[in-house]
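In the working numbering, the protein residues as written are 9 to 253.
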Ligand SMILES: [Zn+2]
Ligand SMILES: [Zn+2]
């Protein structure tokens with residue numbers, strides 16, 4: 009790649025190597041084309057909750073759970089299944105202080121949002137992007153909120169306003185990972201607060217979608233404050249592929 013610098017001298021810049029194989033030159037997502045194609049992409053997903061599905065037979069893909077009782081948010085998007093190497097990248101970014109892995113993950117999510125594989129899926133863009141907030145005490149322990157770093161990068165790439173103050177976490181609740189779905193819901197109830205009037209559409213960013221309890225609780229608060237459309241954008245979905253028909 010030839011780059012022009014300030015004084016008009018030209019110099020040759022070596023393209024970066026792929027962060028996964030370390031061999032081939034990387035594209036704008038920091039991965040080479042081979043590793044990019046090899047990622048655990050979710051091919052078909054419920055257009056409402058994002059759960060991976062095994063079929064594309066129906067044009068309007070909605071899972072039975074969403075048909076029966078749709079979630080409070082309008083659309084959840086997750087490009088990947090939570091398995092190798094995506095799970096490793098997320099874990100490194102989250103627990104090993106290697107937050108530089110969040111930028112490639114944000115780039116991958118953006119490339120999915122902008123170029124959907126299936127023409128039957130559309131991704132409306134929000135007026136504002138917000139992260140799933142963490143309590144200030146936990147932020148102090150962890151030093152950064154990975155959802156906020158992801159959100160900032162996604163917002164920058166999509167040129168959408170980013171806000172970390174619209175929804176705040178007011179109660180330092182126990183870790184969700186140790187709880188079942190019912191206990192998760194109870195644990196989170198009223199632990200978030202919307203600080204001012206939200207715009208009519210918001211995308212909430214998190215690294216992983218598990219049961220969707222957190223996303224639903226923040227959506228509930230935002231809708232109660234007047235937000236009309238809520239999208240949940242995560243890197244990966246932990247649910248196993250659902251077999252339809
Ligand atoms: Zn590679
Ligand atoms: Zn669904």
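Each residue gets a CB set at the ideal place from its N, CA and C atoms; glycine is no exception.
Of the other Cβ atoms in all chains shown, fewer than 16 fall within 10 Å of the Cβ of residue 148; this residue is therefore exposed.
In the same chain as residue 32, and ignoring 5 residues on each side of it, the C-beta atoms closer than 8 Å to its own belong to 25, 26, 40, 41, 42, 43, in chain order. With three or more CB-CB distances shorter than 8 Å, the segment 69 to 87 counts as touching the segment 103 to 122. Assignment of residue 89 by DSSP, reduced to helix, strand and coil, places it in the strand class. Taken through DSSP and simplified to helix, strand or coil, residue 239 comes out as strand. Secondary structure of residue 103 (DSSP, three-state): helix. Here residue 250 is actually not in contact with residue 222; their C-beta atoms are around 21 Å apart, not less than 8 Å.
Under the three-state reduction of DSSP output, residue 189 falls in the helix class. Comparing C-alpha distances from residue 96 to each of 238, 230, 48 shows the shortest one belongs to 48. Rounded to the nearest angstrom, the gap between the Cα atoms of residue 239 and residue 183 is 24 Å. Residue 223: member of the alpha helix (DSSP H) spanning 221 to 232, first to last residue. Taking C-beta atoms under 8 Å as the contact rule, residue 107 and residue 154 qualify, at a distance of about 7 Å.
Taken in chain order, the complete alpha helix (DSSP H) segments of 4 residues or longer contained in the segment 40 to 89 are 41 to 46, 72 to 76. Residue environment analysis places residue 217 among the buried positions, since at least 16 neighbouring C-beta atoms fall within 10 angstroms of its C-beta. Residue 202 is bridged by DSSP to 175. Collapsing the DSSP output to three states places residue 245 in a strand.
Shown here, residue 119 sits in a helix according to DSSP, grouped into three states.
A residue is called buried when at least 16 other Cβ atoms come within 10 angstroms of its Cβ; residue 38 meets this threshold and is buried.
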